[in-house]
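Residue 433 is where the sequence shown starts when you use the numbering used here, and the numbers rise one by one after that. Notes follow once the structure below has been shown.
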Amino acid sequence: MPDFWRGMSHAYGHAADLEELVRLAAADFLRSAYPSYTSPSFLELGCGNGAILAKLRAAVPGARLMGVDDSRDMLAVARTVLGSSSDLVCEPLADFVSDPRNAARFEAAISCNTLHNLHSREAITAFFRSVGSVIRPGGHLICDIRNRFNPFISR
433 MPDFWRGMSH AYGHAADLEE LVRLAAADFL RSAYPSYTSP SFLELGCGNG
483 AILAKLRAAV PGARLMGVDD SRDMLAVART VLGSSSDLVC EPLADFVSDP
533 RNAARFEAAI SCNTLHNLHS REAITAFFRS VGSVIRPGGH LICDIRNRFN
583 PFISR
């Protein structure tokens with residue numbers, strides 16, 4: 433965790449909002465974690481409008497990026513932000529991470545400001561059990577759960 437805070441210390445207090453701070457921190461962490469890779473693969477689960485993928489593209493040139501979201505409208509916005517530089521898939525997250533074709537495809541997976549949309553403890557538990565299957569051994573998962581109504585937080 434010290435590397436995480438070291439990486440985001442330059443942006444803390446300067447980012448316009450919490451989501452921007454998370455985007456900057458994720459990009460900075462992955463840039464430092466994968467300096468020797470020529471083209472690491474990063475997956476964003478719940479990519480929405482593509483803002484995090486855009487930060488990753490700038491931070492880690494040459495990275496292969498994929499975004500998954502189940503909203504066609506959000507992916508349309510992401511396509512305008514990212515152009516053809518990223519693979520974008522319209523599919524429920526649970527279906528994507530449980531598909532054996534996606535096993536161990538990515539150095540890192542990111543899911544920020546998404547998991548609060550899973551409305552049961554069972555759904556969140558299933559997500560965490562299956563998301564590891566898409567990450568290569570030694571890879572990383574970056575996520576947040578910051579909604580006070582989330583079943584893991586609201587006790």
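Think of the CB as a built atom: it goes at the ideal place given N, C-alpha and C, for glycine as much as any other residue.
The beta-carbon distance between Ile-574 and Ala-490, rounded to whole angstroms, is 17 Å. This is too long to meet the 8 Å contact definition. In this structure, the beta-carbon distance from Ala-495 to His-572 does not fall below 8 Å. A distance of 8 Å or more separates the beta carbons of Ser-471 and Met-498.
Contact annotation, Arg-463 with Val-492: C-beta distance approximately 5 Å; criterion of less than 8 Å satisfied. Restricting attention to Arg-504, Val-566, Val-513, the CA atom closest to the CA of Leu-485 is found in Val-513. In this structure, Leu-456 keeps its C-beta atom at 8 Å or more from the C-beta atom of Phe-474. Contact check for Ser-562 against Val-521 fails: the beta carbons are separated by 8 Å or more.
Relative to the Cα of Glu-539, the nearest Cα in the group Leu-525, Gly-564, Ala-483 belongs to Gly-564. Asn-549 counts as exposed, since fewer than 16 other beta carbons sit within 10 angstroms of its beta carbon. Ser-503 and Gly-478 have their C-alpha atoms spaced approximately 9 Å apart. Ile-556 has its alpha-carbon roughly 17 Å from the corresponding atom of Glu-523. With respect to the 8 Å criterion, Ala-541 and Val-566 are classified as neighbours on the basis of their beta carbons. In the three-state reduction of the DSSP assignment, Pro-569 falls in the strand class, which pools E and B. Ala-536 places its beta carbon 8 Å or farther from that of Arg-511. When DSSP states are grouped into helix, strand and coil, Val-513 belongs to the helix group.
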